[in-house]
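**Student:** Taking my numbering, the leading residue of the sequence shown gets 31, the next gets one more, and so forth. Cβ coordinates follow ideal geometry from the N, Cα and C atoms, glycine included.
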Amino acid sequence: MQIAPCAVADPLQLQLHGRAIILQVVHLVIKNFAALAADHLAEHVDFFSVGTNDLIQYTFAIERDQDETSYLYEPLHPALLRLLKFVADSANAAGIPVGVCGEMASEPLYTLALIALGFSNLSMSPRSIPRVKQVVRSTTLKQAEQLLAEVMRLK
Numbered sequence: 031m032q033i034a035p036c037a038v039a040d041p042l043q044l045q046l047h048g049r050a051i052i053l054q055v056v057h058l059v060i061k062n063f064a065a066l067a068a069d070h071l072a073e074h075v076d077f078f079s080v081g082t083n084d085l086i087q088y089t090f091a092i093e094r095d096q097d098e099t100s101y102l103y104e105p106l107h108p109a110l111l112r113l114l115k116f117v118a119d120s121a122n123a124a125g126i127p128v129g130v131c132g133e134m135a136s137e138p139l140y141t142l143a144l145i146a147l148g149f150s151n152l153s154m155s156p157r158s159i160p161r162v163k164q165v166v167r168s169t170t171l172k173q174a175e176q177l178l179a180e181v182m183r184l185k
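1. According to the neighbour-count rule (16 or more other Cβ atoms, all chains shown, within 10 Å of its Cβ), is T170 buried or exposed?
2. Near A39, which residues of its chain fall below 7 Å by C-beta distance, leaving aside the five closest residues on each side in sequence?
3. Can you give me the C-alpha to C-alpha distance between E137 and A67, rounded to a whole angstrom?
4. In terms of alpha-carbon separation, which member of I92, S150 and M154 lies closest to A135?
5. Looking at C-beta atoms only, is the number of pairs between the region 170-181 and the region 84-95 that lie closer than 8 Å three or more?
6. What distance in whole Å lies between the Cβ atoms of S150 and V128, which are believed to be in contact at a cut-off of 8 Å?
7. List, from N- to C-terminal side, the alpha helix (DSSP H) runs of 4 residues or more that fit wholly inside the region 73-121.
8. Could you pull out every unbroken beta strand (DSSP E) segment of at least 3 residues lying fully inside the region 128-152, listed in chain order?
9. One question on the structure: do A72 and A146 come within less than 7 Å of each other, judged by their Cβ atoms?
10. CA-CA distance, A37 and D76?
11. Using 7 Å as the threshold, is the C-beta distance between L177 and L142 below it?
12. Hey, could you find the ends of the alpha helix (DSSP H) I159 is sitting in?
13. Quick check: what's the CA-CA separation for R157 versus Y140?
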């Protein structure tokens with residue numbers, strides 16, 4: 031196997047067995063400090079992917095699989111939504127894609143909130159696609175933004 035740089039200006043493009051390979055730098059946002067530094071990190075990566083399962087657990091200092099704390103696992107909590115909005119806004123301001131992976135992306139209940147927050151990619155298991163697709167097709171961005179505004183006002 032031989033890897034050699036392409037004759038292009040982008041140092042992240044390589045040739046592998048005569049085929050162009052483009053490498054992208056992604057930052058997986060799963061810790062609070064990474065989310066809070068998203069505006070700075072966005073300058074150094076090609077896209078963000080937010081791992082919501084871990085981010086929620088770290089944000090609320092809980093274990094979602096433990097009975098004693100699982101009731102605190104709340105993806106629509108305004109504090110978490112503000113954190114997610116900061117990540118999405120930072121990525122969008124830097125002109126890089128921002129996506130969500132984790133259970134939140136595959137749950138139709140949260141789809142509209144994620145779209146309204148500014149996420150452009152949702153990563154989910156194939157079985158979740160039809161339900162999420164139906165939600166996306168049955169509403170407008172304006173409706174999603176209005177719903178998010180109402181949720182964000184909750185205390």
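**Tutor:** By the coordinates alone:
1. Sixteen is the threshold: since fewer than 16 other Cβ atoms of the shown chains lie within 10 Å of the Cβ of T170, the residue is exposed.
2. Confidence at A39 is low in this model, with a pLDDT of 39, below 50, so its placement is unreliable and the value that follows should be read with caution. Answer for A39: no residue qualifies.
3. Annotation: E137 to A67 spans about 27 Å, alpha carbon to alpha carbon.
4. Comparing Cα-Cα distances from A135 to each of I92, S150 and M154, the minimum goes to M154.
5. Result no; under three Cβ-Cβ pairs closer than 8 Å.
6. About 6 Å separates the beta carbons of V128 and S150, which is inside the 8 Å limit, making them a contact pair.
7. Entirely contained in the region 73-121, the alpha helix (DSSP H) runs reaching 4 residues are, in chain order, 82-90.
8. Restricted to the region 128-152, the beta strand (DSSP E) segments that are unbroken, complete and at least 3 residues in length are 128-131, listed in chain order.
9. In this structure, A146 does not lie closer than 7 Å to A72 by Cβ.
10. In this prediction, A37 scores a pLDDT of 37, lower than 50, which makes its location untrustworthy; no coordinate-derived value is stated.
11. Taking 7 Å as the Cβ cut-off, L177 and L142 qualify as a contacting pair.
12. Where I159 is concerned, the enclosing alpha helix (DSSP H) stretches over I159 to R167.
13. In a straight line, the C-alpha of R157 is about 16 Å away from that of Y140.
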